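Per mature numbering (1 follows the signal peptide of the UniProt record, and there is no 0): the sequence shown = residues -21 to -1, 1 to 255. One structure is given here, and the rest of the page talks about it.
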Amino acid sequence: MSPSILITGLAALYLVSGIQAHVVMNTPEPYGLHTGVPLLQVNPLDGVTYKYPCQSKNFQYTAPTIVEAGNVTNVNFTGGAQHGGGSCQFSITYDTPENGRLNENTKFKTIYTIIGGCPAHFTNEMDNLPALFHDAEQRQDSKHCGNDSGIDCIRNFLVPLPKFLKNGPAVFAWTWYNKIGNREMYMNCAPINITGGTGTDGNMAEFDSLPEIFIANYPNHPQVSYCSTGDGEPQILNIPNPGRYGRVIENPDEPNAKPKDYCSNIPPATALPTFE
Ligand SMILES: *[C@@H]1O[C@H](CO)[C@@H](O)[C@H](O)[C@H]1NC(C)=O
Ligand SMILES: *[C@@H]1O[C@H](CO)[C@@H](O)[C@H](O)[C@H]1NC(C)=O
Ligand SMILES: *[C@@H]1O[C@H](CO)[C@@H](O)[C@H](O)[C@H]1NC(C)=O
Ligand SMILES: *[C@@H]1O[C@H](CO)[C@@H](O)[C@H](O)[C@H]1NC(C)=O
């Protein structure tokens, strides 16, 4: 057996021996989707094995996705357990991975926030879609909508990229607060190469003014103290500081219970964000 076949085999084993499949971003192609050990896992961040940011351990990739500031970029997912959908954010950092990882203090700036329906909406949200398919690395997959509004299928989103981005290499992230199941935080990251942007090193004010992504249900962050998004399910999270750009697809919910460590900055479910 050649070393590369052995490594691929080990990576696949590592993947399938993990706990039940959830969802990964497949486009733009994230670090570790098809290459590296370990491969990108379907698991939430846990502060130990899967650290902030980006599961923190495998920043190998084949090629960055070329994206165009002022245009949209397609974001798509693979998944066997969609946890009823949820709320999600898309963000960018210009920090570059060094020695195979990004620093735990890396700040991701929010370019788009979706409240509810990310990446799916269900007639019966307690059921996951049948895992009829799997990807090349044996991650489970289900039926795809082919748009951002289908019901009972995995959606993809055309996420607008602000014109004021700076050109060149960057890291794009999807962070996800699932609706059903344990209160968790998922994060996948992809290498991108930005073109068509107007930002420059001397003129990043608009980018810098974007809010940082929301970090919760996550222990062991060096700067963000732990807080929880609540107890119980279902819960569409009303993500705090969602930024200027985004959509409300499903109305947010109050959690069934607010534990002592509930994140105090989560707005009431009735306070819908306003987006440009
Ligand atoms: C720009 O957006 C269009 C869809 O409106 C898409 O077909 C095209 O690939 C995008 N270009 C880039 C570089 O992402
Ligand atoms: C979105 O996709 C679903 C499922 O594929 C389809 O039934 C629906 O008509 C599509 N909606 C739009 C607006 O294209
Ligand atoms: C989304 O990903 C799935 C699984 O790879 C693929 O079958 C589907 O064509 C993709 N859809 C879009 C719109 O990118
Ligand atoms: C990014 O894309 C530009 C324009 O296509 C290219 O000149 C540059 O080499 C690319 N940079 C990286 C890091 O891929």
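Yeah, the Cβ is synthetic: ideal placement off N, Cα and C, and Gly gets one too. Remember, it's a predicted structure, so these values are computed and weren't measured experimentally.
First through last residue of the alpha helix (DSSP H) which encompasses residue i
{"i": "residue 212", "result": "Here residue 212 belongs to no alpha helix (DSSP H), and DSSP marks it neither H nor E."}
{"i": "residue 184", "result": "184 to 187"}
Heavy atom of ligand 1 within 7 Å of residue i beta-carbon
{"i": "residue 260", "result": "In the structure displayed, the chain extends from -21 to 255; residue 260 sits before or after that span and is not available."}
Rounded straight-line distance, which links the Cα of residue j to that of residue i
{"i": "residue 210", "j": "residue 193", "result": "18 Å"}
{"i": "residue 96", "j": "residue 103", "result": "13 Å"}
{"i": "residue 37", "j": "residue 48", "result": "27 Å"}
{"i": "residue -11", "j": "residue 154", "result": "Only weak support exists for where residue -11 lies, its pLDDT of 41 falling under 50; the coordinates are left without a value."}
{"i": "residue 196", "j": "residue 163", "result": "5 Å"}
{"i": "residue 39", "j": "residue 8", "result": "11 Å"}
{"i": "residue 16", "j": "residue 189", "result": "33 Å"}
{"i": "residue 106", "j": "residue 132", "result": "12 Å"}
{"i": "residue 123", "j": "residue 134", "result": "6 Å"}
{"i": "residue 243", "j": "residue 205", "result": "11 Å"}
Closer than 7 Å: residue i CB and nearest ligand 2 heavy atom
{"i": "residue 78", "result": "no"}
{"i": "residue 132", "result": "yes"}
{"i": "residue 121", "result": "no"}
{"i": "residue 128", "result": "yes"}
Extent of the continuous beta strand (DSSP E) run through residue i
{"i": "residue 101", "result": "Where residue 101 is concerned, there is no enclosing beta strand (DSSP E), given that its DSSP letter is neither H nor E."}
{"i": "residue 247", "result": "Here residue 247 belongs to no beta strand (DSSP E), and DSSP marks it neither H nor E."}
C-beta neighbour in chain D for residue i, strict 8 Å
{"i": "residue 100", "result": "The displayed structure is made up of one protein chain only, and chain D is not part of it."}
heavy atom of ligand 3 below 7 Å from residue i C-beta
{"i": "residue 125", "result": "yes"}
{"i": "residue 180", "result": "no"}
{"i": "residue 57", "result": "yes"}
{"i": "residue 135", "result": "yes"}
Bridge partners - residue i, DSSP secondary structure assignment
{"i": "residue 56", "result": "4"}
{"i": "residue 226", "result": "93"}
{"i": "residue 137", "result": "53"}
{"i": "residue 269", "result": "For residue 269 there is no data in the structure shown, the boundaries of the chain being -21 and 255."}
{"i": "residue 67", "result": "93, 155"}
Item to check | Those residues, in chain order, that have a beta-carbon closer than 6 Å to some heavy atom of ligand 1 | outcome: Cβ-based neighbours of ligand 1 within the cut-off: 45, 46, 47, 50, 51, 52.
Item to check | Sequence-ordered residues whose beta carbon comes within less than 5 Å of a heavy atom of ligand 4 | outcome: The answer, residue by residue, is 148, 172.
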